[in-house]
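Asks:
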Amino acid sequence: MSDHDKGTLNGTLIAEVIKQSRESGKLVVGRPKLQHFLDFVSVNSLLSTLKEASEALGMSVLNDSSLRNLGFNMLSRFESDAIYLWNKETSYLFEKGMITYIQLLNFSLPLEKVGVRDLLAAVYSLSLAGSATNLEAALLASLSQVVISYNHNSMLSDILSHTNLRKAIEEKQKISCIIP
Numbered sequence: 001m002s003d004h005d006k007g008t009l010n011g012t013l014i015a016e017v018i019k020q021s022r023e024s025g026k027l028v029v030g031r032p033k034l035q036h037f038l039d040f041v042s043v044n045s046l047l048s049t050l051k052e053a054s055e056a057l058g059m060s061v062l063n064d065s066s067l068r069n070l071g072f073n074m075l076s077r078f079e080s081d082a083i084y085l086w087n088k089e090t091s092y093l094f095e096k097g098m099i100t101y102i103q104l105l106n107f108s109l110p111l112e113k114v115g116v117r118d119l120l121a122a123v124y125s126l127s128l129a130g131s132a133t134n135l136e137a138a139l140l141a142s143l144s145q146v147v148i149s150y151n152h153n154s155m156l157s158d159i160l161s162h163t164n165l166r167k168a169i170e171e172k173q174k175i176s177c178i179i180p
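Each residue of the sequence shown is one higher than the last, beginning at 1 in our numbering.
(1) From the DSSP secondary-structure annotation, give me the bridge partner or partners of Phe94.
(2) Can you tell which of Glu89, Asn87, Thr8 and Ala56 has the C-alpha that lies nearest to the C-alpha of Asn73?
(3) Nearest by alpha-carbon distance to Lys51: which of Leu85, Glu23 and Ile18 is it?
(4) Among Ala129, Thr90 and Gln35, which residue has its Cα nearest to the Cα of Gly25?
(5) DSSP state of Gly130, grouped into three classes?
(6) Which class does Ser45 belong to by DSSP, given the choice of helix, strand or coil?
(7) Whole angstroms are fine: how far does the CA of Asn10 sit from the CA of Ala82?
(8) So, helix, strand or coil for Val61, using DSSP?
(9) In terms of alpha-carbon separation, which member of Leu46, Ser80 and Ser42 lies closest to Lys33?
(10) When you compare only the Cα positions, how much space is there between Phe78 and Phe37?
(11) Could you give the distance in angstroms between the alpha-carbon of Glu16 and the alpha-carbon of Ser80?
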């Protein structure tokens, strides 16, 4: 469920979709905007930019300790299995008792560019729907940033081709993960 802050989603609709989806065993991934951020309680995974998450919860992220506080606070507050946050340099996957840092290879496109956050949410969600773990979904979403950065003048269907993904990975080296 991706909120574009256009008035289509409201708190009641969001709550009902989450409730019915959870009752029927469906996966629910949320990508809220500031206005409805706190309405996304009980989603399986919540995705957001680090900036929007810190603004929505009123928590400043000044260092690694405050980043951890934000992520783990969100995990319990939203009753989610995973919280996936990102900024221009790094993605952060929070799961029960652990945080995974995913260093981005080269991300020259601004996160505000139309479609970038939607692409991340789509890749992450489709990966989970295809039985990927939260970590695998986060890694694939991070790779999509590399590919769209690498091909920022191409059509999206061309960007996501197997050949272009392999080429982007080979030219940008590899993803580094730190898992405590």
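Note that the Cβ used here is the ideal one computed from N, Cα and C, for glycine as well. These numbers were taken from a predicted model, which means no experiment stands behind them.
Replies: According to the data block:
(1) Ile83 and Ile99.
(2) The residue with the shortest Cα to Cα distance from Asn73 is Ala56.
(3) Here the closest residue by C-alpha is Leu85.
(4) Looking at the Cα atoms, Ala129 is the closest of the given residues.
(5) Correct three-state label for Gly130: coil.
(6) Ser45 falls in the strand class under three-state DSSP.
(7) Rounded to whole angstroms, Ala82 to Asn10 spans 23 Å at the Cα level.
(8) The answer is coil: DSSP assigns Val61 none of H, G, I, E or B.
(9) Considering only Leu46, Ser80 and Ser42, the residue with the shortest C-alpha distance to Lys33 is Leu46.
(10) Approximately 10 Å, taken between the alpha carbons.
(11) Counting only the Cα atoms, Ser80 lies some 17 Å from Glu16.
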